[in-house]
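*Asks:* I'd like to ask some things about the structure below.
Protein chains: 6
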Amino acid sequence: MRLLVVNSNTTESVTTRIDAAARAAASPGTVVETVSAPFGLPLIVSRADWLVAGPATLAALAARRGQYDAAVIACFGDPGLDAAKELLDVPVLGISEAAFHAASMLGRRFGVVSFTAALRPMFEECLAHHGLVGRCAGFRMGPAFAGDPGLVAEQRADLLVDLCRQSVEQDGAEAVILAGGPLAGLAPVIADRVPVPLVDGTAAAVRMAEALVGLAPAPRPKRGRALTGFAPELAALYAAG
Amino acid sequence: MRLLVVNSNTTESVTTRIDAAARAAASPGTVVETVSAPFGLPLIVSRADWLVAGPATLAALAARRGQYDAAVIACFGDPGLDAAKELLDVPVLGISEAAFHAASMLGRRFGVVSFTAALRPMFEECLAHHGLVGRCAGFRMGPAFAGDPGLVAEQRADLLVDLCRQSVEQDGAEAVILAGGPLAGLAPVIADRVPVPLVDGTAAAVRMAEALVGLAPAPRPKRGRALTGFAPELAALYAAG
Amino acid sequence: MRLLVVNSNTTESVTTRIDAAARAAASPGTVVETVSAPFGLPLIVSRADWLVAGPATLAALAARRGQYDAAVIACFGDPGLDAAKELLDVPVLGISEAAFHAASMLGRRFGVVSFTAALRPMFEECLAHHGLVGRCAGFRMGPAFAGDPGLVAEQRADLLVDLCRQSVEQDGAEAVILAGGPLAGLAPVIADRVPVPLVDGTAAAVRMAEALVGLAPAPRPKRGRALTGFAPELAALYAAG
Amino acid sequence: MRLLVVNSNTTESVTTRIDAAARAAASPGTVVETVSAPFGLPLIVSRADWLVAGPATLAALAARRGQYDAAVIACFGDPGLDAAKELLDVPVLGISEAAFHAASMLGRRFGVVSFTAALRPMFEECLAHHGLVGRCAGFRMGPAFAGDPGLVAEQRADLLVDLCRQSVEQDGAEAVILAGGPLAGLAPVIADRVPVPLVDGTAAAVRMAEALVGLAPAPRPKRGRALTGFAPELAALYAAG
Amino acid sequence: MRLLVVNSNTTESVTTRIDAAARAAASPGTVVETVSAPFGLPLIVSRADWLVAGPATLAALAARRGQYDAAVIACFGDPGLDAAKELLDVPVLGISEAAFHAASMLGRRFGVVSFTAALRPMFEECLAHHGLVGRCAGFRMGPAFAGDPGLVAEQRADLLVDLCRQSVEQDGAEAVILAGGPLAGLAPVIADRVPVPLVDGTAAAVRMAEALVGLAPAPRPKRGRALTGFAPELAALYAAG
Amino acid sequence: MRLLVVNSNTTESVTTRIDAAARAAASPGTVVETVSAPFGLPLIVSRADWLVAGPATLAALAARRGQYDAAVIACFGDPGLDAAKELLDVPVLGISEAAFHAASMLGRRFGVVSFTAALRPMFEECLAHHGLVGRCAGFRMGPAFAGDPGLVAEQRADLLVDLCRQSVEQDGAEAVILAGGPLAGLAPVIADRVPVPLVDGTAAAVRMAEALVGLAPAPRPKRGRALTGFAPELAALYAAG
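Chains as they are written, first to last, in my numbering: chain A, 6 to 246; chain B, 6 to 246; chain C, 6 to 246; chain D, 6 to 246; chain E, 6 to 246; chain F, 6 to 246.
Here it is as structure tokens:
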């Protein structure tokens with residue numbers, strides 16, 4: 006199967022990380038292509054960022070329409086996810102959505118760990134949106150971060166291990182999600198230092214996408230409409246219905 | 006005070022209705038200006054529609070920045086609301102947000118009535134987002150609608166009265182929200198046929214905006230950032246922080 | 006419009022504070038009259054206090070029936086509020102109700118700060134009653150207090166600023182409610198020391214009352230009944246239906 | 006043990022019913038005394054009624070202070086319950102509280118049946134207050150009622166059997182509460198016509214009160230205060246702390 | 006009445022404690038018999054333990070069928086409780102179920118205290134199962150424990166008093182449950198050192214069982230079925246329907 | 006990978022159905038073995054059935070320990086699932102768990118359809134246990150069923166299509182779960198008659214198990230203990246820790 010992975014921000018170093026994590030997680034028969042959002046912002050932090058990252062993500066998905074069997078939105082917060090599910094006729098998964106569901110199947114209560122507290126409100130709203138608040142043991146986040154998102158995983162690895170352990174020992178987490186696109190690929194590196202399963206959203210989404218392809222096809226009603234003021238490929242997607 | 010009202014869709018006949026309803030509700034000292042979204046879609050129905058209507062709404066708000074003391078997003082579903090609250094330094098209210106809060110103060114349980122069932126999922130998610138599910142007595146929606154949104158209020162007035170009465174008698178509603186931008190201005194027309202307060206989102210938002218102006222000012226931290234690929238006024242708003 | 010504000014306790018120094026805060030928040034055309042409960046208790050702290058403050062508040066409202074266009078119950082906990090909404094044919098707002106709704110429109114998550122932990126259970130039950138638990142970031146309360154409630158706002162101003170900052174920094178509050186009738190008027194005094202909007206329940210209730218007057222009138226069914234054993238004005242209100 | 010049962014309304018025919026039901030449920034060593042509220046209303050239906058019934062109930066409890074080992078508030082809605090628990094140093098139970106807890110122990114999901122829909126809002130708020138909404142399978146209520154509350158149990162017995170059966174068959178109730186003081190004593194009369202346990206609030210409260218007496222004594226801190234404007238016995242209770 | 010109490014684990018020293026606590030709580034006319042699970046595990050800690058303790062508990066209940074008027078499952082976590090309620094035609098109560106309900110009637114919010122954190126996940130799931138999460142002020146648990154469960158109550162009495170006080174002072178508990186079969190009988194020993202009611206699950210269950218016997222009989226439909234692979238008495242219970 | 010599928014009941018015709026559905030869903034490299042519970046009951050309907058099916062399921066899992074890389078418990082209700090996750094060091098998935106999570110990723114709200122209302126309470130408790138009640142649009146169940154569970158899928162296919170359509174049209178389901186082991190394999194047969202994705206729990210569990218294998222390994226602490234009174238293989242599993 007062909008899998009398109011979209012990094013919803015414009016930072017190429019993060020896209021490279023995500024691509025490597027996605028390829029490492031993919032099954033042998035899966036061909037992975039990873040792209041950055043064609044426009045938008047270098048890091049998605051606030052609610053406003055999340056909103057504008059949505060059409061940017063849709064534009065990337067629309068530009069390659071017909072060239073993939075499933076897609077992954079690789080930004081923790083899942084910008085554009087619900088819209089993409091409505092507009093496309095292949096499975097689309099967000100990395101937070103996949104992480105929450107995978108973690109729920111790996112442990113009764115999961116913790117969420119990330120590198121900066123600035124992301125917590127977006128993550129909390131995303132968790133509530135997916136309806137799994139009751140399965141979450143709590144959040145553990147690092148302090149403010151102002152460097153290169155493509156390097157934060159290595160720079161804050163020790164801190165993240167500590168946060169994971171606190172999640173297990175103090176919050177009772179039975180699985181821990183390493184949240185945020187910039188942390189893609191970190192889980193296998195630090196897994197042996199944390200006593201419960203570590204979930205990487207990108208890896209989870211890749212494998213969940215493989216699982217859903219072909220599981221439950223459904224005809225999608227067409228209702229082509231004229232969208233103005235957005236990228237041509239997004240308008241084309243709307244026109245196609 | 007100066008109040009900007011933005012219709013998040015591009016249908017001028019709906020904008021005209023909203024403008025009339027807003028002016029009718031405004032206090033003497035309030036100057037109302039109502040505009041349509043500069044681009045996007047003629048009616049906001051689906052989750053995808055809601056997403057793309059967000060930047061369209063922000064573009065309208067950004068284009069007149071500095072020319073209003075408060076703003077209302079006049080689309081039931083509140084596209085772009087959270088982002089606008091982050092980006093602007095004046096109060097911004099959505100008409101669903103205002104309707105939910107006003108109705109909660111007028112009755113313990115409120116019903117939500119609208120002209121077409123197609124809007125229900127968006128309304129339900131909007132209600133959940135605002136955290137007032139526990140105050141809602143239920144939804145009563147009319148059948149599918151394919152005509153001019155600017156005329157539906159009059160065309161379906163009798164049906165809407167029936168739905169309001171069902172909400173009161175069968176669901177126990179103590180106030181009823183007439184939901185959806187296209188129903189702006191209908192509440193006073195049918196109020197004497199329904200035995201509980203009828204809440205018009207546009208009117209509620211106008212009066213709530215008047216109430217909030219000056220109530221609780223707060224300095225907003227500036228963090229100007231470069232947004233690419235969107236309308237220049239929206240990029241300017243991001244750059245201003 | 007004419008607005009009656011009722012302090013549900015019998016402490017005149019608190020009534021004086023509330024009156025000043027109400028007048029400061031009122032629009033030019035609003036005539037404010039503030040009264041104490043005609044009997045009851047000097048401070049409302051426990052569930053039992055809340056109960057007996059209800060009929061005391063109703064008696065104050067009943068005594069001036071027909072002389073106001075809207076009323077505010079100025080005791081955080083809203084004693085008698087639901088009954089007053091049933092019995093009166095003008096809008097009645099509680100200061101906690103108004104604070105919770107106003108704060109929800111000013112920030113996604115609001116904190117609640119007050120001068121003594123003894124009030125927390127009553128505030129928590131009041132919050133749950135209004136259905137907005139999901140919007141609350143948490144409570145921050147000062148230690149036990151035994152002095153004059155009319156002076157506590159000034160005496161504990163520095164402590165309250167600290168609690169507000171903790172609410173923002175540790176709980177993630179995007180708006181903070183200064184809760185309790187005795188804190189009326191404090192918000193503008195300390196607003197420049199807290200980085201998010203501060204909500205004063207009295208001010209919020211005054212402005213929300215102005216907003217609701219005329220927004221959604223509804224005929225109220227009359228069902229006069231004989232109430233015995235309470236103040237004559239309350240019996241008269243019941244007899245009037 | 007000595008048990009005081011207070012009917013929170015002033016209708017003697019209902020008090021007589023409640024007294025008979027309480028005596029039928031009491032264990033051999035329990036001495037039951039049942040009294041009406043000394044003032045207030047003949048039937049408790051609305052939120053306003055509930056409020057004024059609270060001090061009336063407290064007055065009855067205060068008048069006999071020291072003469073009982075436990076007390077039951079025999080009005081479905083439990084007016085004055087939380088206050089009574091704070092003010093008295095013996096166990097006080099409400100008949101709805103007892104019914105909800107007993108029914109929860111008799112079946113995973115319980116239905117609530119009563120003679121008139123007018124009581125539903127009060128019952129729902131009472132259920133929410135006790136925190137057992139998740140155990141409730143739903144409400145089934147008869148139509149409006151305007152007769153003698155002391156006779157409604159017999160007059161509507163067949164209707165109530167039908168509602169109980171609907172609760173079992175359509176809502177999945179595994180136990181059914183016959184709710185409302187006026188239905189005291191009906192459960193054993195119709196029990197053989199309903200296929201699940203029927204819970205009478207009065208009987209449940211009597212037996213729960215017997216169970217709690219002596220189970221868990223705790224010293225209650227004294228804090229005598231001056232209450233004005235209420236019946237002398239209630240002021241005395243407050244003064245005693 | 007005859008009451009069978011089943012300790013769901015196989016540790017006789019715990020059974021002895023439970024028996025003493027049950028007899029101390031029972032009314033004069035109640036004959037108590039306490040038995041250990043006939044097989045299974047010496048201590049029930051994990052979810053797997055809980056599962057296998059279920060049939061072991063049912064086997065004990067089945068072996069004495071017809072010889073008791075009510076039964077108590079004396080293991081905090083209530084293994085086998087729902088099944089026992091379905092299979093037996095007398096009231097069956099779990100000690101956690103009884104403790105949660107009794108504590109709810111003794112205080113608005115109850116704390117849960119136990120000797121080892123290892124039990125917390127099981128207790129939390131049990132609390133959620135009974136639907137009373139909203140009434141719980143929080144858990145306070147001691148550290149890991151590896152000694153004789155029959156002695157832990159005395160060995161950790163001081164620690165448990167401290168945890169109870171923290172529950173009251175920091176969590177706002179108005180009643181505290183001493184949770185876990187091994188703590189049976191401790192409550193009266195330390196009650197004078199804690200300022201709120203202390204609830205012993207065994208005592209609560211004994212008294213609740215007395216309360217429920219005869220309260221609400223209901224015919225139980227018979228549907229005899231063949232169960233294979235379990236103890237003969239359990240198969241006999243299934244065959245009897 | 007090697008996948009063990011356990012039918013938690015003893016009906017071979019159901020096991021045969023499940024085996025066919027599992028093989029049809031498995032990826033090319035997956036070797037599927039399906040077994041019945043070695044003892045227990047022919048159909049799992051009640052809470053008591055669910056309990057005794059747990060050790061029966063564990064016995065099947067224990068008997069083949071070391072011979073599979075992941076396991077599926079193929080009984081809607083997931084008996085023994087939490088225990089199996091604790092005791093085994095490979096991923097174990099229940100078919101209801103997998104169906105709920107897969108359906109959540111295929112649509113915002115999923116319906117649950119099955120052949121007999123008798124299963125509804127067990128399904129509802131299972132859904133609540135997995136924490137996804139908020140994602141469920143409702144249940145649609147057929148009438149009582151007394152025939153061969155191995156044939157019900159074909160016998161009631163038309164009825165099930167109708168229930169699926171009601172779930173979509175009246176409840177707003179965006180995906181529908183065909184619930185219950187006896188319906189394994191029906192989804193692809195009727196998929197073209199329902200306008201949203203149909204989720205077969207067995208197929209979903211097989212693909213989710215493939216996805217989770219290797220995703221997030223974690224060392225499992227060993228704590229061997231002596232379990233008495235159960236099948237030797239189950240005791241061996243406990244002894245191994």
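Every residue gets a Cβ at the ideal spot worked out from N, C-alpha and C, and that includes glycine.
If you measure between the beta carbons of F/V77 and F/A208, is that distance less than 8 angstroms?
*Replies:* No, these two residues do not count as a Cβ contact at 8 angstroms.
*Asks:* Express the C-alpha separation of E/C169 and E/A162 in angstroms, rounding to a whole number.
*Replies:* Roughly 11 angstroms separates the two Cα atoms.
*Asks:* Is it the case that the Cβ atoms of B/D5 and B/A216 are separated by a distance below 8 angstroms?
*Replies:* The question about residue 5 of chain B has no answer here: the residues shown for chain B are numbered 6 through 246.
*Asks:* With a threshold of 16 other CB atoms inside 10 Å of the CB of B/S101, please say whether the residue is buried or exposed.
*Replies:* With 16 or more Cβ atoms within 10 Å of its Cβ, B/S101 is classed as buried.
*Asks:* Indicate whether the contact test is met: 3 or more Cβ pairs, each with one atom in the region 194 to 206 of chain A and one in the region 188 to 196 of chain F, closer than 8 angstroms.
*Replies:* Touching, no, given that fewer than three Cβ pairs across the two stretches are closer than 8 angstroms.
*Asks:* Output the boundary residues of the beta strand (DSSP E) element that contains F/E38.
*Replies:* 36 to 41 is the extent of the beta strand (DSSP E) around F/E38.
*Asks:* Report the option in A/L165, A/N14, A/A58, A/I182 whose CA atom is closest to the CA atom of A/A210.
*Replies:* The option with the nearest alpha carbon to A/A210 is A/I182.
*Asks:* For B/E17, count neighbouring Cβ atoms within 10 angstroms of its own Cβ and tell me buried if that reaches 16, exposed if not.
*Replies:* Result: exposed.
*Asks:* Find the nearest neighbour of B/A241 within the set B/A67, B/D83, B/F144, judged by alpha-carbon distance.
*Replies:* Selected option, being the one with the closest Cα: B/A67.
*Asks:* Is it buried or exposed, F/A158, if we count other Cβ atoms within 10 angstroms and call 16 or more buried?
*Replies:* Per the 10 Å Cβ criterion, buried.
*Asks:* Could you name the residues of the region 206 to 232 of chain B whose beta carbon sits closer than 7 angstroms to any beta carbon of chain A, in the order they occur along the chain?
*Replies:* Those residues of the region 206 to 232 of chain B that come within reach of chain A (Cβ to Cβ, closer than 7 angstroms) are R230, L232.
*Asks:* Could you pull out every unbroken beta strand (DSSP E) segment of at least 3 residues lying fully inside the region 162 to 190 of chain B, listed in chain order?
*Replies:* Within the region 162 to 190 of chain B, the complete beta strand (DSSP E) runs of at least 3 residues are 180 to 183.
*Asks:* Would you mind giving the Cβ-Cβ distance between A/D24 and A/V11, rounded to the nearest angstrom? I have them listed as a contact below 8 angstroms.
*Replies:* Actually they are not in contact, since the Cβ atoms of A/D24 and A/V11 sit about 11 angstroms apart, beyond 8 angstroms.
*Asks:* Alpha carbon to alpha carbon, what distance is there between D/A122 and E/A89?
*Replies:* Each residue's alpha carbon lies about 36 angstroms from the other.
*Asks:* In angstroms, rounded to a whole number, what distance separates the CA positions of F/A58 and E/L92?
*Replies:* In a straight line, the C-alpha of F/A58 is about 15 angstroms away from that of E/L92.
*Asks:* If we ignore side chains and look at the alpha-carbon of each, how far apart do C/R230 and C/A245 end up?
*Replies:* When rounded, the distance between both Cα atoms is 8 angstroms.
*Asks:* In whole angstroms, what separates the C-alpha of D/V218 from that of D/R145?
*Replies:* Spanning the two alpha carbons is a distance of roughly 33 angstroms.
*Asks:* Per DSSP, F/L98 forms a beta bridge with which residues?
*Replies:* The partner list for F/L98 (beta bridge, DSSP) reads F/V77.
*Asks:* Could you name the residues of the region 49 to 61 of chain E whose beta carbon sits closer than 9 angstroms to any beta carbon of chain F, in the order they occur along the chain?
*Replies:* Taking 9 angstroms as the Cβ-Cβ cut-off against chain F, the residues of the region 49 to 61 of chain E that qualify are S51, R52, A53, D54, W55, L56, V57, G59, P60, A61.
*Asks:* Tell me whether the beta-carbon of C/A180 lies closer than 8 angstroms to the beta-carbon of C/L111.
*Replies:* Result yes, Cβ atoms of C/A180 and C/L111 sit closer than 8 angstroms.
*Asks:* If you measure from the beta carbon of C/P126 to each beta carbon in chain G, is any gap under 8 angstroms?
*Replies:* Of the protein chains in this structure, namely A, B, C, D, E and F, none is chain G.
*Asks:* Does DSSP classify A/D24 as helix, strand or coil?
*Replies:* Three-state result, A/D24: helix.
*Asks:* So, is D/R228 buried or exposed, given that buried needs 16 or more other C-beta atoms within 10 angstroms?
*Replies:* Classification of D/R228: exposed, given that the 10 Å Cβ count is below 16.
*Asks:* According to the neighbour-count rule (16 or more other Cβ atoms, all chains shown, within 10 Å of its Cβ), is E/G34 buried or exposed?
*Replies:* Looking at its Cβ environment, which holds fewer than 16 other Cβ atoms inside 10 Å, E/G34 is exposed.
*Asks:* Which residue from A/T233, A/A26, A/P47 puts its Cα closest to that of A/P154?
*Replies:* Taking only the C-alpha atoms, the option nearest A/P154 is A/P47.
*Asks:* When you compare the CB positions of C/A30 and C/V118, do they come within less than 8 angstroms of one another, or not?
*Replies:* Cβ atoms of C/A30 and C/V118: not closer than 8 angstroms.
*Asks:* With burial defined as no fewer than 16 other Cβ atoms inside 10 Å of the residue's Cβ, what is the status of C/P148: buried or exposed?
*Replies:* With fewer than 16 Cβ atoms within 10 Å of its Cβ, C/P148 is classed as exposed.
*Asks:* C/G152: buried (16+ other C-beta within 10 angstroms of its C-beta) or exposed?
*Replies:* Flag for C/G152 reads exposed.
*Asks:* Let me make sure I understand the geometry here. Which of E/A61, E/S172, E/T233, E/D167 has the alpha-carbon closest to that of E/R114?
*Replies:* Taking only the C-alpha atoms, the option nearest E/R114 is E/S172.
*Asks:* Would you please state the rounded distance, in angstroms, between the beta carbons of E/A65 and E/V40? I believe it to be under 8 angstroms.
*Replies:* Contact flag correct, Cβ pair sits at about 5 angstroms.
*Asks:* Using a 10 Å radius around the Cβ and a threshold of 16 neighbouring Cβ atoms, would you call B/L124 buried or exposed?
*Replies:* Result: buried.
*Asks:* Considering only residues of the same chain and omitting the five flanking positions on each side of A/A26, which have a CB-CB separation below 7 angstroms?
*Replies:* Cβ neighbours of A/A26 beyond the five flanking positions: A189, G190, D205, T207, A208.
*Asks:* Which residues bound the beta strand (DSSP E) around C/A196?
*Replies:* C/A196 -> no beta strand (DSSP E), and no H or E assigned at all.
*Asks:* Report yes if the C-beta distance between F/F44 and F/T62 is below 8 angstroms; otherwise report no.
*Replies:* Contact: no.
*Asks:* From D/G139 to E/H106, what does the alpha carbon distance come to, in whole angstroms?
*Replies:* Spanning the two alpha carbons is a distance of roughly 14 angstroms.
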